[in-house]
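For reference, the structure is listed below as C-alpha cells.
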Amino acid sequence: MKIRYAIVDDNSFLIHATKEKLSFFDDFDLRFTAIHGKDVLEKLEKHSHIDLILMDIEMPVMNGVEATALVKSRYPHIKIIILTVFDNDDHIFNAIQAGADGYLLKEVDPESLKNGILETLDGGAAMTPSIAMKTLRLLRNPKSIEYKDDKEYDLSTRETEVLEQLAQGLSYTKIADNLILSPSTVRKHIENIYKKLQVHSKMEAVEKARNNNLI
C-alpha cells in the first residue's frame, strides 16, 4: 500500500524539491501541499486519511511548531517529520515538545529521506545525525534551553559555515556547490544570519561576525 503524505512549506521551490526526491520511489502518494500551518489544518478537514506530514518550521500565519501541536491533538494517527533548514536548539526542542515524530534537514538525500519516513512510520524517530546529537545534548542538559547563557548570537554550525564562505566573497551558487546545498537553502540560511546578527547586507554580516569572533 502506498504511503499517503502531505508537504507543508511556504517555499514552492522547496515543495517541488521534496516531491522530486520522493518521486524516485513508487511507494509514495502525495495527497496535498499546504503553505502554512492554518492551510494544512483546513486541508486536513477534508483529507485526514494520510499517514505522514513533512512540515517546515518557519512559515507565515502559523509556524510548523504550532501546526504540529494542533495536528497531533486532532489527528494523533498522523506522523509528522519536521523538514527544515534550521538546526538550532530552540527549534529542535520546541518541535519535539509539540509532538514531532522526526526532524530532518532539507539537504537530506532521497534515499535517507525515504528511509527516515519508513523508520518513523514503523515507530522510530528519523533524525539527521547532527540533530540527533543536539537532541541527546538537550536531553542530558535540559536547563541549557531554559537558561541559555547570554550569547548575543546563536548561529548554527551550518550558518557559521555559510558565513565563512560569504567572508571569502563567494556567490550564493558557489557556496551552494561547496556545501552541497541548493541556492535556495543558502539564501534561507543567509536570511537567518541577517536576522540573528541584525544586519542588512553581506558586508555588515561579515564585519560583525569578525568583530565578535564568530568566524
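Here this note's numbering runs 1191 ahead of the position in the sequence shown, where the first position is 1.
Yeah, the Cβ is synthetic: ideal placement off N, Cα and C, and Gly gets one too.
Beta strand (DSSP E) segment containing residue i, residue limits
i	result
Ile1194	Ile1194 to Val1199
Reduced DSSP secondary structure (H/G/I, E/B, other) of residue i
i	result
Asp1230	helix
Lys1219	Checking the displayed sequence, the identity of residue 1219 turns out to be Phe instead of Lys. Strand.
Gln1359	coil
Glu1236	coil
Glu1337	Low confidence applies to Glu1337: its pLDDT is 48, below 50, so where it sits in the model is not reliable, and the reading given next is rough at best. Residue state, collapsed to three classes: helix.
Ile1406	coil
Per DSSP, cross-strand counterpart(s) of residue i
i	result
Ala1225	Val1199
Leu1245	Ile1198 and Ile1272
Cβ-heavy atom distance, residue i to the ligand ATP, below 8 Å
i	result
Lys1229	As presented, the structure is devoid of all ligands, the ligand ATP included, so that no description of it is given.
Residue i: first and last residue of the uninterrupted alpha helix (DSSP H) it sits in
i	result
Tyr1344	Premise fails: Tyr1344 is in no alpha helix (DSSP H) and is neither H nor E.
Asn1369	Tyr1363 to Leu1370
Glu1382	Pro1374 to Leu1388
Glu1395	Lys1393 to Asn1402
Mind listing, in chain order, the continuous beta strand (DSSP E) runs of no fewer than 3 residues lying wholly within the stretch 1251-1326? Fully enclosed beta strand (DSSP E) runs of 3 or longer: 1270-1275 and 1293-1296.
Answer yes if the stretch 1379-1397 comes into contact with the stretch 1348-1357, meaning at least three C-beta pairs across the two stretches below 8 Å, and no otherwise. The way I'd put it, the stretch 1348-1357 does touch the stretch 1379-1397; three or more beta-carbon pairs between them come closer than 8 Å.
Contact the stretch 1267-1282 vs the stretch 1313-1328: 3+ CB pairs below 8 Å: Segments in contact, yes.
With a threshold of 8 Å, are at least 3 pairs of Cβ atoms found where one atom belongs to the stretch 1255-1269 and the other to the stretch 1205-1213? The stretch 1255-1269, when compared against the stretch 1205-1213, does not touch it at the 8 Å Cβ threshold.
Inter-stretch contact at 8 Å, needing at least 3 Cβ pairs: the stretch 1228-1236 / the stretch 1299-1313: A contact is defined here as three or more CB-CB pairs under 8 Å, and the stretch 1228-1236 fails this definition with respect to the stretch 1299-1313.
Three or more C-beta pairs under 8 Å: does that hold for the stretch 1359-1367 against the stretch 1284-1294? Contact between the stretch 1359-1367 and the stretch 1284-1294 is absent: fewer than three C-beta pairs spanning the two stretches fall below 8 Å.
Whether or not the stretch 1388-1405 and the stretch 1290-1300 are in contact is what I'm after, with contact meaning three or more pairs of Cβ atoms, one per stretch, closer than 8 Å; do they touch? Using a C-beta cut-off of 8 Å, the stretch 1290-1300 makes no contact with the stretch 1388-1405, since fewer than three inter-stretch Cβ pairs fall below that distance.
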